Amino acid sequence: MIAFGCDHGGFELKKDILDYLEKNNIEYKDFGCFSRESCDYPDIAKPVAKAVASGECEKGILICGTGIGISITANKVKGIRAALCGDCFSAEMTRLHNDANIVALGARVTGPGLAVKIVDTFLNTPFSNEERHQRRINKIED
Ligand code: RB5
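Sequential numbering of the sequence shown, starting at 217, is according to this note's numbering.
As structure tokens, this is what we get:
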């Protein structure tokens with residue numbers, strides 16, 4: 217189960233991402249928002265991050281205008297490693313090296329075609345499980 221959330225700045229991209237998830241039979245829980253009406257990204261990012269941190273959802277996708285506010289907020293939740301990605305290389309590396317559990321996107325920065333590819337890369341790249349990467353991840357929470 218994937219946790220999905222966006223603010224009004226990310227709403228434009230929401231349909232493309234949910235279409236991708238549905239076409240690939242990936243189950244998701246939609247934490248909003250549900251219209252273009254202005255809202256506050258922490259109100260979306262926190263429930264998504266908590267759903268991932270608790271294990272209710274395996275990974276998360278968060279979108280705001282830049283991806284910055286929503287990723288900063290998600291990273292305040294213990295156990296969350298949210299990576300703001302604007303390219304597929306970063307999406308792949310953050311899974312391999314950081315075992316990132318949330319991908320954040322900036323809808324006003326990254327076009328829909330690339331954003332879908334980033335999500336696809338993120339969801340389909342496993343953690344490397346290499347000792348040095350796990351050691352570094354453990355130090356994040358120390
Ligand atoms: C909303 O206008 C915008 O500030 C928000 O979507 C995001 O970019 C914040 O980091």
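Where a beta carbon is used, it is the ideal one built from N, C-alpha and C, also for glycine.
Being a predicted model, the structure only gives us computed values, none of them experimental.
Simplified DSSP assignment, three categories, for residue i
i: G197; result: Only positions 217 to 358 of the chain appear in the structure, and residue 197 is not among them; the question remains open.
i: G302; result: coil
i: I279; result: strand
i: P328; result: helix
i: N345; result: coil
i: I360; result: Nothing can be reported for residue 360: it is not among the residues displayed for the chain, which extend from 217 to 358.
i: A316; result: coil
i: D366; result: What the structure shows of the chain is the stretch from 217 to 358, and residue 366 is not part of that stretch, so it cannot be assessed.
i: M217; result: coil
i: E308; result: helix
Give me every residue whose Cβ sits closer than 5 Å to any heavy atom of the ligand RB5, in chain order. D223, G225, C280, G281, T282, I284, G285
Segments assigned alpha helix (DSSP H), at least 4 residues, entirely inside the segment 219 to 290: For the segment 219 to 290, whole alpha helix (DSSP H) runs of length 4 or above, ordered along the chain, are 227 to 239, 257 to 269, 284 to 290.
With three or more C-beta pairs closer than 8 Å as the rule, is the segment 340 to 356 touching the segment 276 to 295? no
For the segment 337 to 348 against the segment 296 to 315, are there 3 or more C-beta pairs whose distance is under 8 Å? yes
Count the C-beta pairs between the segment 299 to 306 and the segment 239 to 248 that are closer than 8 Å, then say yes if the count reaches three, no if not. Contact between the segment 299 to 306 and the segment 239 to 248 is absent, because fewer than three Cβ pairs lie under 8 Å.
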